[in-house]
Amino acid sequence: MNSAVPWALSHTQVAIEVVATLSFALSGVIEGARKKLDAVGICVVAGLAAFGGGTVRDVLLDRRPIFWMQHAIWVWVLLALCIGAMVFMRARHLEPTERAMQWPDALGLGLFTAGGAQIALDAQMPAIIAVILGMVTAVFGGVLRDIVCNEIPRVFSDHRPYAICAFVGGWTLVGLQGLALPPWLTLLGAAAVATLLRAAALVWDWRLPRWQAGSGP
Amino acid sequence: MNSAVPWALSHTQVAIEVVATLSFALSGVIEGARKKLDAVGICVVAGLAAFGGGTVRDVLLDRRPIFWMQHAIWVWVLLALCIGAMVFMRARHLEPTERAMQWPDALGLGLFTAGGAQIALDAQMPAIIAVILGMVTAVFGGVLRDIVCNEIPRVFSDHRPYAICAFVGGWTLVGLQGLALPPWLTLLGAAAVATLLRAAALVWDWRLPRWQAGSGP
Amino acid sequence: MNSAVPWALSHTQVAIEVVATLSFALSGVIEGARKKLDAVGICVVAGLAAFGGGTVRDVLLDRRPIFWMQHAIWVWVLLALCIGAMVFMRARHLEPTERAMQWPDALGLGLFTAGGAQIALDAQMPAIIAVILGMVTAVFGGVLRDIVCNEIPRVFSDHRPYAICAFVGGWTLVGLQGLALPPWLTLLGAAAVATLLRAAALVWDWRLPRWQAGSGP
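What follows is the structure, given as structure tokens:
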């Protein structure tokens, strides 16, 4: 392995975190605005949505400093995003923005999953744990956002495939790992699988099977 | 102290975590099904109920790897339990299952308390902190389950003794520690006290004292 | 720098944590009583309100043992406070107590902010992260209290300046740090700014700007 590969890997991972973080932050702004939080609340919910999943992953893995504490620039970017959204976005923008956000959000889902699972594999975790930590990275930001907004997390209750796409993407990463591909290709492949699966679920309106409550008396 | 004692202690602790974990996971499946979560949500809530308390304890003590990340087999067991429950359990089973679950849950309460408090004592924590971490281990899985399901945690609001049984069990462990008994006996004694106290509370329908709201004007 | 300065700094920091902790604990007792939690629930909510912010800060910074696990005396003080409040406080006391609590709470806000931000600076965090960790220390106890009580955290939704006072106080600490003042003076200066700002917000009933929902169609 030459020295360019860790470099490319490290840059791919940083780029992954940037795109996904901003796309998740905006989901927090929208949810906070809907719940009529004040300016501080909106920033905090955006921060939880953007950084929450990665933070839970880093705490579980005991990885320090936590990424947003190390690259403080992203806290500034988050603040700018929130203030910009609060100044320029009007209430009537919320619903169309949320619909438009589905696509960068699907991208974030794939990228966070692949990045998170890779970090867990690098920390010598077994495959199933890496897959779960990839899911945690992708999904727990939204979970924390919804908990603070006093909702049952949408990802657990809307019966649409979301975390399950991350689950499949995580296993893709584990599988590709075995092929000794260049690390960036492994990452992008896994991210693509999760993202495309989520996009397909959106386009064809897939549903998860319901609990078989109907078969009771 | 001969070398058999740490062996027995370590096996007792592993056995403790297994039985209690499965019994708590099923409480998560039931709560998730009641809230009409989708399949992914049910698995996550079951996972929080089963692993949440121990995870919070390990994070507070800075103990890594966290037990379910080290023994990944238990994640597989959890997944199998959730899928099995979703396939075989019908809505009309929920209430009788929950009533039947009270007894393994009381067992889990005792075992988690004793195991968690012992781990804290091993980490040189003072007695009161060990007792609290035993309670956290036993109780916080259910707390996280209820928070995600958007309920006030039942353990804090149903006015029945639950955490308080863990509290007494924890102090029992601290007291037995002073008697220089074999470690497995100390563990089982403390677990038995907490479990029997909980069972007595269920059988005789004990209530915690209410806040003296009635004495206001 | 002579050896008296670290001594004074360490004592100032301990005193900071004591006063602020008790004042926050009482807010948890009141909120728990309002939600009709049982005795255990009230103690846990008081503990979350008092220790939650500092615990989240310590976990994010990987600082162990967590302060309340190291100084176990404060757990005893918390228990005594909760039991005392439950015995002596009546339902009709809740509202007047809460109004009276605004002032020690403002003090706690300032002290926790300054203490938390200082700890983050000591851990070599960049300025913006130290400010955020100061806010987390001051604010997340109340956030956890409200999440467990199944409310949207008041600090994010009541449109009154609270976290923003911590934000300004945090930046004051960072600014004073540059002046090479004695550490205790830096701490007290930053705490005073946050506390006075909060007090002014209470006295003149300041409001945060609302989301511009009215400008939609």
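Residue numbers (the numbering used here), protein chains in the order written: chain A, 1 to 217; chain B, 1001 to 1217; chain C, 2001 to 2217.
C-beta atoms are modelled at their ideal positions from N, C-alpha and C, and glycine is treated no differently.
Practice task
For residue 1955/C, decide whether its Cβ has a neighbour in chain A, counting only Cβ atoms nearer than 9 Å.
Solution key: In the structure as shown, chain C begins at 2001 and stops at 2217. Residue 1955/C is therefore absent and cannot be evaluated.
Practice task
With DSSP collapsed to three states, give me the class of residue 1192/B.
Solution key: helix
Practice task
Examine chain B for any beta-carbon lying closer than 9 Å to the beta-carbon of residue 2040/C, and answer yes or no.
Solution key: yes
Exercise for the section: Please say whether residue 1130/B and residue 1195/B have beta carbons closer to each other than 9 Å? Expected result: no
Handout entry: Through-space distance from residue 1140/B to residue 1044/B, alpha-carbon basis
Key = Those two C-alpha atoms are separated by around 15 Å.
Problem - Outcome for residue 109/A when other beta-carbon atoms lying within 10 angstroms are tallied against a minimum of 16 - result: buried
Exercise for the section: Between the Cα of residue 193/A and those of 73/A, 205/A and 163/A, spot the shortest distance and give me the residue it belongs to. Expected result: 163/A
Exercise for the section: State buried or exposed for residue 2218/C, treating a residue as buried only when at least 16 other CB atoms are found within 10 Å of its CB. Expected result: Past the edges of chain C, shown from 2001 to 2217, lies residue 2218/C, and the structure says nothing about it.
Practice task
Please compile the residues from chain B whose C-beta is within a distance smaller than 7 Å of the C-beta of residue 2128/C.
Solution key: Here the premise fails: no neighbours, minimum Cβ distance about 25 Å.
Practice task
Could you check what DSSP says for residue 1064/B in three-state terms: helix, strand or coil?
Solution key: coil
Practice task
Would you tell me roughly how many angstroms separate the C-alpha atoms of residue 2033/C and residue 1167/B, rounded to the nearest one?
Solution key: 21 Å
Exercise for the section: Taking residue 2060/C and residue 2144/C to be in contact with their CB atoms under 8 Å, please state how far apart those CB atoms are, rounded to whole angstroms. Expected result: Between residue 2144/C and residue 2060/C the Cβ distance is about 14 Å, and since that is not below 8 Å, they are no contact.
Problem - Cut-off 8 Å between Cβ atoms - residues of its own chain near residue 2125/C, not counting five sequence neighbours on either side - result: The residues are 2061 and 2133.
Practice task
Would you mind working out which of 2118/C, 2127/C and 2158/C sits nearest residue 70/A, comparing C-alpha positions?
Solution key: 2127/C
Practice task
Return yes when the Cβ of residue 1173/B is within less than 9 Å of the Cβ of residue 1113/B, no when it is not.
Solution key: A contact, by the Cβ cut-off of 9 Å.
Exercise for the section: Could you check how far apart the C-beta atoms of residue 1208/B and residue 2038/C are, in whole angstroms? I think they sit under 8 Å. Expected result: 4 Å
Exercise for the section: Look at residue 1020/B and residue 1082/B and say whether their C-beta atoms are less than 9 Å apart. Expected result: no
Problem - Residue range of the unbroken alpha helix (DSSP H) whose run includes residue 135/A - result: 127-148
Problem - Beta carbon proximity, residue 1122/B to chain C, threshold 9 Å - result: For residue 1122/B, the answer is no, since every Cβ of chain C falls outside 9 Å of its Cβ.
Exercise for the section: Let me know the secondary structure DSSP gives residue 201/A once reduced to three states. Expected result: helix
Handout entry: Beta-carbon neighbours of residue 37/A, restricted to chain C and to distances below 7 Å
Key = 2156 and 2157
Exercise for the section: Would you grab the beta carbon distance between residue 1027/B and residue 1142/B for me? Rounded to a whole angstrom, and I think it's under 8 Å. Expected result: 7 Å
Handout entry: Own chain, CB closer than 6 Å to residue 1191/B, minus 5 neighbours either side, in chain order
Key = The residues are 1110, 1111 and 1114.
Handout entry: Rounded separation between residue 1022/B and residue 1050/B - CA only
Key = 7 Å
Exercise for the section: Rank 2160/C, 2188/C, 2181/C and 2177/C by C-alpha distance to the C-alpha of residue 2199/C and give the top, closest one. Expected result: 2160/C
Practice task
Report all residues from its chain with a CB closer than 7 Å to the CB of residue 2001/C; omit the five preceding and five following residues, and keep chain order.
Solution key: Confidence in residue 2001/C is poor, its pLDDT being 36 and thus under 50, which makes the residue's placement too unreliable to answer from.
Handout entry: Contact list for the region 1069-1097 of chain B against chain A, Cβ threshold 7 Å
Key = Contact annotation: in the region 1069-1097 of chain B, residues whose CB is within less than 7 Å of a CB in chain A are 1069, 1072, 1075, 1076, 1086, 1090, 1091 and 1092.
Exercise for the section: Output yes if chain C places a C-beta closer than 9 Å to the C-beta of residue 1114/B; else output no. Expected result: no
Problem - Boundaries of the alpha helix (DSSP H) in which residue 2098/C is found, first to last residue - result: 2094-2122
Handout entry: Contact list for the region 132-154 of chain A against chain C, Cβ threshold 9 Å
Key = 147, 148, 149 and 150
Exercise for the section: Within its chain, find whatever has a CB closer than 7 Å to the CB of residue 2086/C; leave out the 5 residues flanking it on each side and keep chain order. Expected result: 2039 and 2042
Handout entry: residue 2201/C to residue 2103/C span [Cα, whole Å]
Key = In a straight line, the C-alpha of residue 2201/C is about 12 Å away from that of residue 2103/C.
Handout entry: Sub-9 Å separation of residue 46/A and residue 94/A beta-carbons
Key = no
Exercise for the section: Would you kindly work out how many angstroms separate the C-alpha atoms of residue 2092/C and residue 1157/B, rounded to a whole number? Expected result: Cα-Cα distance, rounded: 21 Å.
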